[in-house]
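S.K.: If you're matching positions, the sequence shown starts at 15 in the working numbering and goes up one per residue.
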Amino acid sequence: AEAIVVVPDDFVQVCLVNTRAGTPFVSPLELRPLKMKFYPQANLTQGLLVEHRMNLGPADETNIIRYPVDPYDRVWIPWADPKEWTEISTTRQVQSDDDDYEVPSAVMQTAVTPLNASKNLEISWDPVPQPRNPSPGYFIVMHFSELQILPSSAVRQFYVSINGMALNMTAAKLYYHGTAVISNVKPYRYDKFNISLHATTNSTLPPIINAIELFSVMPTSILGTDSQDVSATVAIKDKYHVQKNWMGDPCIPKTIAWERMMCSYTIAKTPRIISINLSFSGLNGYISSSFANLKALQYLYVQSSGSVLVFIW
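Written as structure tokens, this is what we have:
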């Protein structure tokens, strides 16, 4: 699974929640930094789950493109359909300075057009239902480049629509080895998607497309614990080698907040840690200065056999 999210702090918490469909587990967990300009559809309230990322038209359908060809390790899966599409390619560099997505040249060097030049180029997609999000929104990002030197009398212009809804009010006109991007601004919610590229009436050439990315929307509006509180509790855990179930975000989700810890939850504000019980945790040494960074802390319980210390602010 691959997700694109905006991380407002200098750390990220990944939580696998038991949804009663089997014990959650993860093998490797990998992080890749991306430039903020790449996917403006991702913001503080919504992330993007990668459904498909396809490199259209490569002759070798086993050639998956990723790092180091793509410095950001996006995985581009080859896709060709000789029964429906004509594949075209170039060996020259295809990249432009105004490509906000910085799609690798190796991806943009191949493209497809409809086999029947008089017909539309059609791509259909049936999203996989998500049990916990029955009607997610979807973003479709399409990448284009003209790979052929066109004679002066030739014209390639086309419109793009999704389920009959036009995405570009002005016909797309590409430049030789330049790049262009067309995507929906707001998420679409359909059970089935039909992406259609159709030539304008004055176009002498069929539409073309080089690559396509399909994303579902993942809500990220639940605010994580205050970053200063997180840093402080992690420092306390490390200093005293706390053996409690302290993993992930201290306060989120509410049902699995850190053991013997209480948080305050206020709408539109980050959760704050208000109480910590470290009794019988085998603590020794000085009281860590990190406790002073828990600005919302009201109660700190420290108890060992025969003695109790309660700090109240």
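In this text, a Cβ means the ideal position worked out from N, Cα and C, and glycines have one as well.
Any beta carbon of chain C sitting closer than 7 angstroms to that of V155?
M.R.: Absent from the structure is chain C; it holds one protein chain and no more.
S.K.: Identify, in the order they occur along the chain, each residue of the same chain with its Cβ nearer than 7 angstroms to the Cβ of S293, setting aside the five sequence neighbours on each side.
M.R.: As a first step, residue 293 must be located in the sequence shown, where it is residue number 279. Within the same chain, S293 has close Cβ partners Y315, V316 and Q317.
S.K.: To the nearest angstrom, how far is the alpha carbon of S41 from that of R146?
M.R.: Translated into positions along the sequence shown, residue 41 becomes position 27. Translated into positions along the sequence shown, residue 146 becomes position 132. Distance between the alpha carbons of S41 and R146 is about 23 angstroms.
S.K.: To the nearest angstrom, how far is it from the Cα of P5 to the Cα of A213?
M.R.: Any property of residue 5 remains undetermined from this structure, which presents the chain solely from 15 to 327.
S.K.: Is K187 helix, strand or coil when you go by DSSP?
M.R.: By one-based count along the sequence shown, residue 187 stands at place 173. Of the three classes helix, strand and coil, the one that applies to K187 here is strand, per DSSP.
S.K.: By the three-class DSSP mapping on this structure, what secondary structure does A246 have?
M.R.: As a first step, residue 246 must be located in the sequence shown, where it is residue number 232. Three-state DSSP puts A246 in a helix.
S.K.: Rounding to the nearest angstrom, what Cα-Cα distance links W90 and E75 in this structure?
M.R.: Taking the first residue of the sequence shown as 1, we reach residue 90 at position 76. Taking the first residue of the sequence shown as 1, we reach residue 75 at position 61. Each residue's Cα considered, the two are about 11 angstroms apart.
S.K.: By how many angstroms is the C-alpha of F305 removed from the C-alpha of M275?
M.R.: Reading the sequence shown from its first residue, position 261 is the one you call residue 275. Reading the sequence shown from its first residue, position 291 is the one you call residue 305. Cα-Cα distance, rounded: 14 angstroms.
S.K.: Taking Cβ positions, are L164 and T104 nearer each other than 7 angstroms?
M.R.: The residue you call residue 164 lines up with position 150 of the sequence shown. The residue you call residue 104 lines up with position 90 of the sequence shown. Result no, Cβ atoms of L164 and T104 do not sit closer than 7 angstroms.
S.K.: Less than 7 angstroms separating the beta-carbons of P264 and T239?
M.R.: Residue numbering aside, residue 264 sits at position 250 when the sequence shown is read from its first letter. Residue numbering aside, residue 239 sits at position 225 when the sequence shown is read from its first letter. At a Cβ-Cβ threshold of 7 angstroms, P264 and T239 count as neighbours.
S.K.: Does the count of Cβ pairs from the segment 61-75 and the segment 213-232 closer than 8 angstroms reach three?
M.R.: The answer is yes - the segment 213-232 touches the segment 61-75, with three or more Cβ pairs under 8 angstroms.
S.K.: Hey, Q60 and T184: beta-carbon distance below 7 angstroms or not?
M.R.: By 1-based counting over the sequence shown, the position of residue 60 is 46. By 1-based counting over the sequence shown, the position of residue 184 is 170. Against a cut-off of 7 angstroms, the Cβ pair of T184 and Q60 comes out as no contact.
S.K.: Per DSSP, what kind of secondary structure is M122 in: helix, strand or coil?
M.R.: Against the sequence shown, residue 122 aligns to sequence position 108. Of the three classes helix, strand and coil, the one that applies to M122 here is helix, per DSSP.
S.K.: For M156 and Q144, I'd like the C-alpha separation in whole angstroms.
M.R.: Along the sequence shown, read from residue 1 onward, the residue named residue 156 stands at position 142. Along the sequence shown, read from residue 1 onward, the residue named residue 144 stands at position 130. A straight-line Cα-Cα distance of about 24 angstroms links M156 and Q144.
S.K.: Would the segment 91-102 and the segment 117-131 be scored as touching if the rule is three or more Cβ pairs under 8 angstroms?
M.R.: Touching, yes.
S.K.: Exposed or buried, which one is A73 when buried takes at least 16 other CB atoms within 10 Å?
M.R.: Position 59 of the sequence shown, counting from 1, holds the residue named residue 73. It counts as exposed.
S.K.: Can you give the Cα-Cα distance for S278 and K309, rounded to whole angstroms?
M.R.: Taking the first residue of the sequence shown as 1, we reach residue 278 at position 264. Taking the first residue of the sequence shown as 1, we reach residue 309 at position 295. Taking C-alpha positions only, S278 is separated from K309 by approximately 12 angstroms.
S.K.: Buried or exposed for F55, going by 16 or more other Cβ atoms inside 10 Å?
M.R.: Translated into positions along the sequence shown, residue 55 becomes position 41. Residue identity differs from the one stated: residue 55 is Gln in this sequence, not Phe. Residue environment for Q55: buried (at least 16 other C-beta atoms within 10 angstroms of its C-beta).
S.K.: Buried or exposed for R203, please, with buried defined as at least 16 other CB atoms from any protein chain shown within 10 angstroms of its CB.
M.R.: Here residue 203 refers to the residue found at position 189 when the sequence shown is read from its first residue. Exposed is the call here.
S.K.: Have a look at S167 and I223 and give me their C-alpha separation to the nearest angstrom.
M.R.: As a working note, residue 167 is residue 153 in the sequence shown. As a working note, residue 223 is residue 209 in the sequence shown. Approximately 21 angstroms, taken between the alpha carbons.
S.K.: Which partner residues does Y202 have in the DSSP bridge list?
M.R.: Position 188 of the sequence shown holds residue 202. According to DSSP, Y202 bridges with Y152.
S.K.: Report buried or exposed for P220, applying the criterion of at least 16 other Cβ atoms within 10 angstroms of its Cβ.
M.R.: Along the sequence shown, read from residue 1 onward, the residue named residue 220 stands at position 206. The residue is buried, with at least 16 neighbouring Cβ atoms inside 10 Å.
S.K.: State yes or no: is the C-beta of I137 within less than 7 angstroms of the C-beta of I196?
M.R.: Translated into the one-based positions of the sequence shown, residue 137 becomes position 123. Translated into the one-based positions of the sequence shown, residue 196 becomes position 182. No, they are not a contact pair.
S.K.: The ligand MG and D263: does the residue's C-beta get closer than 6 angstroms to at least one heavy atom of that ligand?
M.R.: Looking for the ligand MG in the displayed structure turns up nothing, as the structure carries no ligands at all.
S.K.: Counting only the same chain and skipping the five closest in sequence on each side, list residues whose C-beta sits under 6 angstroms from that of D84.
M.R.: As a working note, residue 84 is residue 70 in the sequence shown. Closer than 6 angstroms at the Cβ level, and outside the excluded window around D84, lie P118.
S.K.: Given this structure, state the Cα-to-Cα distance separating C29 from M179, to the nearest angstrom.
M.R.: Here residue 29 corresponds to residue number 15 of the sequence shown, with the count starting at 1. Here residue 179 corresponds to residue number 165 of the sequence shown, with the count starting at 1. Distance between the alpha carbons of C29 and M179 is about 37 angstroms.
S.K.: Does the distance from the C-beta atom of Y152 to that of F52 stay below 7 angstroms?
M.R.: By 1-based counting over the sequence shown, the position of residue 152 is 138. By 1-based counting over the sequence shown, the position of residue 52 is 38. Result no, Cβ atoms of Y152 and F52 do not sit closer than 7 angstroms.
S.K.: Express the C-alpha separation of R170 and H191 in angstroms, rounding to a whole number.
M.R.: In the sequence shown, counting from the first residue as 1, residue 191 sits at position 177. In the sequence shown, counting from the first residue as 1, residue 170 sits at position 156. One C-alpha to the other measures close to 14 angstroms.
S.K.: Compute the Euclidean distance between the alpha carbons of K258 and E273, then round it to the nearest angstrom.
M.R.: Walking along the sequence shown from the start, residue 258 turns up at place 244. Walking along the sequence shown from the start, residue 273 turns up at place 259. Approximately 6 angstroms, taken between the alpha carbons.
S.K.: Would you call the CB atoms of A186 and L70 closer than 7 angstroms?
M.R.: Here residue 186 is taken as the residue at index 172 of the sequence shown, counted from 1. Here residue 70 is taken as the residue at index 56 of the sequence shown, counted from 1. Not in contact: A186 and L70 (Cβ atoms no closer than 7 angstroms).
S.K.: Between T37, I236 and V26, which lies nearest to E44 when the distance is taken from Cα to Cα?
M.R.: Walking along the sequence shown from the start, residue 44 turns up at place 30. It is V26 whose Cα lies nearest to the Cα of E44.
S.K.: Could you give the first and the last residue of the continuous beta strand (DSSP E) run that contains Q162?
M.R.: On the sequence shown, residue 162 is found 148 positions in, with the first residue counted as 1. According to the DSSP assignment, Q162 belongs to no beta strand (DSSP E), since it is labelled neither H nor E.
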